[in-house]
Structures are given as C-alpha cells and as structure tokens.
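J.: As they're listed, the protein sequences go chains A and B. With the first letter of the first sequence counted as 1, position 138 gets the number 137 in numbering that gives the first Met the number 0; the numbers rise by one all the way through. With the first letter of the second sequence counted as 1, position 358 gets the number 357 in numbering that gives the first Met the number 0; the numbers rise by one all the way through. Think of the CB as a built atom: it goes at the ideal place given N, C-alpha and C, for glycine as much as any other residue. Computed from a predicted model, the values in this text were never measured in an experiment. Pasting a structure below so you can have a look.
2 protein chains.
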Amino acid sequence: MSIPAIDGERLWSTLMEMARFGATPKGGVCRLALTDEDKAARDLFSRWCAEAGCSVTVDRMGNVFARRSGRDDALPPVVMGSHLDSQPTGGKFDGAYGVLAGLEVVRTLNDHAIETEAPVEVVSWTNEEGSRFQPPMVASGVFAGAFDLEESLAAKDLEGNTLGGELARIGYAGSAEVGGRPVAAYFEPHIEQGPILETEGKVIGVVTGALGQRWYEATVTGQETHAGPPPMDVRRDALVGAARMIGEVRRIGVEHAPDGRSTVGFVTVHPNSRNVVPGSVFFSVDLRHPDDAALAAMGEALREACNAVAGDEGLEVKLEEILYFPAQPFDPDCVRAVREGVEALGYAHRDIVSGAGHDAVNLARVAPTGMIFVPCEGGISHAEIEYAKPEDLAAGCNVLLYAVLERAGA
Amino acid sequence: MSIPAIDGERLWSTLMEMARFGATPKGGVCRLALTDEDKAARDLFSRWCAEAGCSVTVDRMGNVFARRSGRDDALPPVVMGSHLDSQPTGGKFDGAYGVLAGLEVVRTLNDHAIETEAPVEVVSWTNEEGSRFQPPMVASGVFAGAFDLEESLAAKDLEGNTLGGELARIGYAGSAEVGGRPVAAYFEPHIEQGPILETEGKVIGVVTGALGQRWYEATVTGQETHAGPPPMDVRRDALVGAARMIGEVRRIGVEHAPDGRSTVGFVTVHPNSRNVVPGSVFFSVDLRHPDDAALAAMGEALREACNAVAGDEGLEVKLEEILYFPAQPFDPDCVRAVREGVEALGYAHRDIVSGAGHDAVNLARVAPTGMIFVPCEGGISHAEIEYAKPEDLAAGCNVLLYAVLERAGA
C-alpha cells in the first residue's frame, strides 16, 4: 500500500494549542506533573483522542492510553507516545511532540480509513521530567517493572504532596493495572536535545539506543586556612585540587569522543569565603557512553585521575558511585522500521544515540522499542527558547506513521 | 635600666579566662562583634584595666582605650592592642592575644613600679573580623580616617541590626571622638596565622609590613545545556573554563613565590544541577604581595590568563577589581624597636610580612606602627583548633614590653 502523509499543519496547530497550558511570558511552558496545568493538558489530550474514536484508559500511575482498535484486537498493541509534563522553564516540544505526533498518526489513519492488523495506542506517561516528583520517568518505570507502584505513588514534592494524592486531586488516579501486558512495539518521537542533527543538516535521527550513565559524588578534603599568611607551597587547597579534577573529567569525555559524555554540573565549596583557602569541595560527575565497557573504563579513569590529583596536591578524595544505568540498545527490528521509513521518505538522516533519559529507555526493558529524533534549534531544550521547525516535526511524524504501520500491519 | 620579664603564667590564665566568653564545645571561641559574648569580654577587659589603675575610655565606634599615665601626660601615647571579637568558629588567640598582652605589659609595669615618660594605652578595636559587620577592621579604619564614622555606624548585620544600634544595646556607644589625636607609636602582637615561624623553629616574627591586596570578581559565561545529548566538542562549559582559570590563579601565586599569595575562596555555579552543563560560574580572586609593582603584575597576569582561557574555551569572562589595599610597610623605627627587643632577649627570629589584614595596617596610615608575630600550631587560625604555646606568647609579650619602653621612654 502507499502510505499517506500526515497533516503537518494540523500537527503544528495541535502543538501550539497544547502549549497554551502553562505558557510562560518568554514563550516556553511551565507544566509540572499533576498540576492544574497538567490536568488541563491531559483533559484536552483525552478529548482529542476520544474525538478521534479512541477508547481512553488511565492506569494507576496516571498514564493515559488512547487505543485505536485493530482488525485483530487480541494482538498486542503498537504504542506511540511520550509525556505532557515539562520542566519549570521548559519548551513547547519536549514530550508534547511525541504524544501529539502519536495523535496525528491516529488522525491520519482515520482520514484515510486505514485499518491496522494490531491495535495502535497513544500514551502520555506521568512525570517524565522529574522536576516535581523524583525520580524522573517514574511512571514508565513502573510500567516496565523497574519501580514499585506503591513507593512511586508515595513520592513527595517539595511541599509534601504525594504523587498518588495529586493524581487523585486532578482526577487521574486510574484503575487500570500499570504494565503487565504485552506491547508489540513502542515508538517515541522526540526533539534531539543536542545539536548534532542541526549541525549536520539532517532531518531525522535514527536512534539506535541510549547512553549508559554512571553518576558519582566526589568530596575533596584539604586544609582550610587564611588566604593571606600561608605561602603557596604549604597550602592544601581543596579547590585547586577539585579544579584539576574537573579538568580531568572533561579530558576523559574528550578521550571517548564522539560517543562519550562527561560533566561536572554541581559544585559546593566549603567554607566558600573569599579570603579563606577552601578546606573541602563537593562535586558531582555524570559520565555517559553507549558502550558499557567503555563507560566502565571512563569510571576507572575518573577514579585514577582523582586519586592522582589528590596525591599530587596533598589532598584526600572520596569518590562514590551513586547511580548506574547500563547502556540500552534499542530493538533491531524497531530501529530498522524507522530507518526504512526515513529512507522510503527520502529524508536526510543519520544514526544517533540518545544522550538523555526517555520513557523509551524504560520501555526497552519490556518491549521492542525505537525512537525518532528531529532537530531542535541550537540543540537547546529544557529552556523556554526551545524550538523545532514545523517541517522537521512533520517529517518525524511521517516516519512514525511508517514505522507504526510496518509493525502493526496495514 | 634592666627590663623585667612579664608574667607568662598570668598572661596565659588571663587568655584562658577571656576564652570562656563564647567558648565552643570544640575548644574554640564564637564571639562575634557586639554580641552578648563580646559585651561580657569587653566588661571583663575594662574591669581588669581599671583594677590595673588605668582610666578607661570608649569612643563612638566602641573602641575601648585603657590609659596608664606617663610622667608627661601631654605627650602622645604609645598604644598596644588588637581586638576581642572572633570568627564564628574562631580560636582563643586571634585578637585576644594582642589585647591581653597589652594588659600584661601594664600589669608588669605596675609590678615593677616603672614609670614611662609618655602615657601608655591598651586598645581593643571593634569588629576587626568583619564576620558580623562589613567591612573588617572598620573601627580602626574610622580611627585612621579611612572610613566614614556615620556610614560605619550604619553597617548592618544579616538580621538588619546596625553596628551603631548594637553598640548602644550593649552599652559601648561611647562619646569620645574616633581618632583625630596623635599616637606616638602603635604595636600589635598577634599569632602569625601562617606556618613560617613554626616550620623554621622561630619564636618571633619581626613584621616589616603588610602584603598589598587586590581582590577580583570573575563571571564566566558559556551555554547551559543538557549533560547528555551534546557531544564534548560543541560544549561551552563555564565550569570547565572556570576550573582552568582557578588553576591559573594558583600558577600566578606560585610564580611569585615566596612572597605572592593567590586564592580562589568563593565559587557559585549556575544552575548547579548534576545533569546540566553549567552556563555560568562566579568566583572570587584574592591576590597579595608585599611589593605593589609585583602585585600589579599579578593582576595583569590574572587578566591575561582569564582572557586566554575564555578565548580557548569559547566562553566570555568579566573580571572586575573590587578592592585594592596597597602594600603597607611598617615604620622603620618601630620595626627596629621590635628587632632590638628580640635580639636583646635572645629569641630565634626572622623578618616576616603580614599576609593578613590587621588593625595595625590601618594604624600605619596615621601613626608609626609595628607588629610582633608569634607562631601558631600548624599555621592554623580562624579555626577552633587554633593554638599557640604559652612560652611563645610570653616571648612576644616580653618583646612588646621592650618595644613599648623603648618608644614611651622609661
């Protein structure tokens, strides 16, 4: 069969209408999970899905599933989606694009009266960002069996409200079981959140997997002292040591280019007084790589570098690994379906690895999973100026339609 | 005449008794300026001085002067002293030693019925530390004409209390004019707050002057972005740049060894989130040197280094000089009086430059000034474990007695 094109203008206007909920003066979106703004976004999405003929179900984590029946409704569904919550100073596209691209696929199937063999579902996952409730991607994590349901419902925001309580408050504490049912395939379209596609002039990133992550906390201890009297050669300055370690963290990432990432994002200095030589420094380290062996080597290099600097500077360093996500390759058949769609449609593309976490990384544990990236301006996301071009968003949605039809059977 | 020895045991027990006000469980002192603890310390000092036959005067900045008359009371006085306020986690000796060594000199003169030609005064300066009210050394600064009286009285602590209001509250808003009268000489004994004397086995440091200081604020700006997707080679990580600059600050101090000092004591990272590449970093720089030309060269090297790193890393840097104290040589006659005392008494000694600010640096602007350093354990001060040996404290006090008699005329 020939595959129709999705309606790019409809997709864009749908995105813009959704972006009104939590709209910020600077053109971004503040739609924290389970706030009134999130409820309004969920209500509109549910109404749109019902109008598109879907049956809408909410599970106990508040995940919203909109189902379009297949010829054989007993088959496991092909699921598309992402999330509708945002960062506090987020943009219009992170999450919302994946959900509304799924809706656009359903609308296009309806327009052309295309039946699929398996049912097709659009999902909006609860609290992907983790800005209000920790951890992020919690609801897809419960769906995938990575997190406990009751513990996740008990997660509290800074004001002490529980996730479960807030689900009930906004009317999204559903009754469906969370997960525990087969999924034929899961596809998540998303803005890249990096600059690779834009820089290389590509329209689509065929996502082959997600980077593994290792997070560390480092505490460097020296001798706090007055900044005046002690000569340079007797000092044990924890900040001088930490600064060298931060340089080493960068070196380790660069030595694992192009796939490695290394970041120190958080630093506290003690006592943090202008005329006191710092006695201790605490900092975080975030290492990422698509290959677990390489990621482990980066971690080992980090430990060696920190110990070497500490020895050299007369300091002590404590380095603790606090988080480990193994690298998550995506399903070869799903990746192939995306790649074939891109090639059939003739878009400029490249294979790419997701550097960020996504609900798809959880889904990949329990279902064949793929992702489709489209460029975002300057690679910037989690920011009010986040922007993606209408034609690129439409291209990603066309690829999604292709892949879904390939997996659901037309 | 032969000069008697001071009573080292009395000096020590006086120090220990004073250390009860604001005593901390870890053996230090928390006696912030103009608190109830500071009032109690002032009351005891005033009582001791009165018992030693001195007339006690308080000026409008709360500086306490205890005067022992000379044969010719119209002569300008020889003044000794330091301060009784402490850091929040300070020690027993920083400041208190200078004040109580002055008292011990008066007591020794009394014990031996020694008259001096000029009057002798012991002073306790208000708010030397600057821990509660900014700037530090404010009251000796008003005395020396460096700061305005009314502005200084209006300085506020973090809770909004003014220095003038707190002086009145504790009964130390005196009526005497601040400064404006001749001082024949000013001597300030103090712990070294550095490790040089201890390392070299010296008992006395003959202080020839104070380091000049230049303070800067640096703001490094890059591009805040997600720590996952952007590859290493496209990042503009403000923290990576700031870390290199912190290394350059250290290099500049080392290249000006043994007299140069360079410290980054204060750092804030924005947004300071573990999985976000830092978009900006703010840090302080404190440069010190006893030679103004060398200090200026250090400042120039700092600017060049920051600009070079910023250019190399694709960052912007703003570097602002916020404070400049020129190097302050002490009075040759006062330095000679101290050195002659040390030699007469046979203590192991060396010339030394003060790396820290002291009330003496303000006094040096308006009066012949000298300082006497004694070792402190590990060079550590501004810390509860700060410690000085009784015999070293006694030695410094004997030198003070010698220098005061030399200048006041016995």
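#1: Between residue 276 of chain A and residue 234 of chain A, which are expected to be in contact by the criterion C-beta below 8 Å, what is the C-beta distance as a whole number of angstroms?
#2: Inspect the beta-carbon positions of residue 248 of chain A and residue 262 of chain A and report whether they are closer than 9 Å.
#3: Would you list, in sequence order, the uninterrupted alpha helix (DSSP H) runs of no fewer than 4 residues that lie entirely inside the region 195-258 of chain B?
#4: By the three-class DSSP mapping on this structure, what secondary structure does residue 7 of chain A have?
#5: Is the beta carbon of residue 124 of chain B closer than 9 Å to that of residue 145 of chain B?
#6: Tell me which residues of the region 360-381 of chain B have at least one Cβ-Cβ distance to chain A shorter than 7 Å, keeping chain order.
#7: Quick one: does residue 94 of chain A have its CB under 9 Å from some CB of chain B?
#8: Quick one: grab the DSSP three-state call for residue 139 of chain A.
#9: Buried or exposed for residue 25 of chain A, going by 16 or more other Cβ atoms inside 10 Å?
#10: Out of curiosity, what's the CA-to-CA distance linking residue 11 of chain B and residue 389 of chain B?
#11: If you reduce the DSSP assignment to three classes, tell me which class residue 57 of chain A lands in.
#12: Nearest to residue 269 of chain A by alpha carbon, out of A:287, A:240 and A:223?
#13: Any C-beta of chain B within less than 9 Å: which residues of the region 222-251 of chain A qualify?
#14: Tell me which residues share the same chain as residue 195 of chain A and place their Cβ nearer than 8 Å to its Cβ, disregarding the 5 neighbours each side in the sequence.
#15: Could one say the Cβ of residue 354 of chain B lies closer than 9 Å to chain A's Cβ atoms, at least one of them?
#16: Closer than 7 Å, Cβ to Cβ, to anything on chain B: give me those residues from the region 274-297 of chain A, in chain order.
#17: Any beta carbon from chain A within less than 9 Å of residue 214 of chain B's own beta carbon?
#18: Whole angstroms is fine: what's the gap from residue 334 of chain B's alpha carbon to residue 166 of chain B's?
#19: Within the 9 Å Cβ cut-off, does residue 259 of chain A reach chain B?
#20: Does the beta-carbon of residue 83 of chain B have 16 or more other beta-carbons within 10 angstroms, so that it is buried, or is it exposed?
#21: I'd like to know whether the C-beta atoms of residue 169 of chain B and residue 33 of chain B end up nearer to each other than 9 Å.
#22: What is the DSSP secondary structure of residue 319 of chain B, reduced to helix, strand or coil?
#23: Is residue 115 of chain B helix, strand or coil by DSSP?
#24: Does the distance from the C-beta atom of residue 490 of chain B to that of residue 221 of chain B stay below 9 Å?
#25: From residue 339 of chain A to residue 380 of chain A, what distance separates their C-alpha atoms?
#26: To which residues does DSSP link residue 350 of chain A through a beta bridge?
#27: Can you look up residue 261 of chain A in the DSSP assignment and give me helix, strand or coil?
#28: Tell me the rounded alpha-carbon separation between residue 47 of chain A and residue 289 of chain A.
#29: For the beta strand (DSSP E) that contains residue 185 of chain B, what are its first and last residues?
#30: Of all the options B:1, B:31 and B:40, which has the alpha carbon lying nearest to the alpha carbon of residue 410 of chain B?
#31: So, does the CB of residue 271 of chain B fall closer than 9 Å to a CB anywhere in chain A?
#32: Which residues of chain A have a Cβ atom closer than 8 Å to the Cβ of residue 210 of chain B, listed in chain order?
#33: Mark residue 383 of chain A as exposed unless 16 or more other C-beta atoms lie within 10 angstroms of its C-beta, in which case mark it buried.
#34: Start and end of the beta strand (DSSP E) containing residue 65 of chain A?
#35: Does DSSP classify residue 358 of chain A as helix, strand or coil?
#36: Nearest chain A C-beta to residue 387 of chain B closer than 9 Å, yes or no?
T.: Straight from the coordinates:
#1: Confirmed, about 6 Å.
#2: Cβ atoms of residue 248 of chain A and residue 262 of chain A: closer than 9 Å.
#3: Qualifying alpha helix (DSSP H) stretches, in chain order: 195-199 and 237-254.
#4: In the structure shown, residue 7 of chain A falls within a helical segment according to DSSP collapsed to helix, strand and coil.
#5: Going by beta carbons, residue 145 of chain B and residue 124 of chain B fall outside the 9 Å limit.
#6: Those residues of the region 360-381 of chain B that come within reach of chain A (Cβ to Cβ, closer than 7 Å) are 378, 379, 380 and 381.
#7: Cβ-Cβ to chain B under 9 Å: no for residue 94 of chain A.
#8: Note: residue 139 of chain A maps to helix in three-state DSSP.
#9: Around the beta carbon of residue 25 of chain A, fewer than 16 other beta carbons lie within 10 angstroms, which makes this residue exposed.
#10: When the Cα atoms are used, residue 11 of chain B and residue 389 of chain B turn out to be separated by approximately 6 Å.
#11: Correct three-state label for residue 57 of chain A: strand.
#12: Answer by Cα proximity: A:223.
#13: Per Cβ criterion, the list reads 222, 223, 224, 225, 226, 227, 228, 229, 230, 231, 232, 233, 234, 236, 238, 239, 241, 242, 243, 244, 245, 246, 248 and 249.
#14: Taken in chain order, the residues that qualify are 201, 204, 349, 351 and 378.
#15: It does; some Cβ of chain A falls within 9 Å.
#16: Under the 7 Å Cβ criterion, the region 274-297 of chain A contributes 274, 275, 276, 277, 283, 285 and 287.
#17: So yes, residue 214 of chain B belongs to the interface.
#18: Residue 166 of chain B has its alpha-carbon roughly 34 Å from the corresponding atom of residue 334 of chain B.
#19: Against chain B, the CB of residue 259 of chain A has a partner CB under 9 Å away; the residue lies at that interface.
#20: Note on residue 83 of chain B: 16 or more other CB atoms within 10 angstroms of its CB, so buried under the neighbour-count rule.
#21: Yes, they are a contact pair.
#22: Strand at residue 319 of chain B.
#23: Residue state for residue 115 of chain B is assigned as coil, using DSSP reduced to three classes.
#24: The first residue shown for chain B is 0 and the last is 409, placing residue 490 of chain B beyond what the model contains.
#25: Taking the Cα positions, residue 339 of chain A is about 28 Å away from residue 380 of chain A.
#26: Beta bridge pairing from DSSP links residue 350 of chain A with A:205.
#27: Strand, per DSSP.
#28: Taking the straight line joining both Cα atoms gives about 37 Å.
#29: Segment 184-190, the beta strand (DSSP E) holding residue 185 of chain B.
#30: What the structure shows of chain B is the stretch from 0 to 409, and residue 410 of chain B is not part of that stretch, so it cannot be assessed.
#31: Closer than 9 Å: yes.
#32: Per Cβ cutoff of 8 Å: 227.
#33: Flag for residue 383 of chain A reads buried.
#34: In the DSSP assignment, residue 65 of chain A falls within the unbroken beta strand (DSSP E) covering 63-67.
#35: Correct three-state label for residue 358 of chain A: helix.
#36: Look at residue 387 of chain B: its C-beta is not under 9 Å from any C-beta on chain A.
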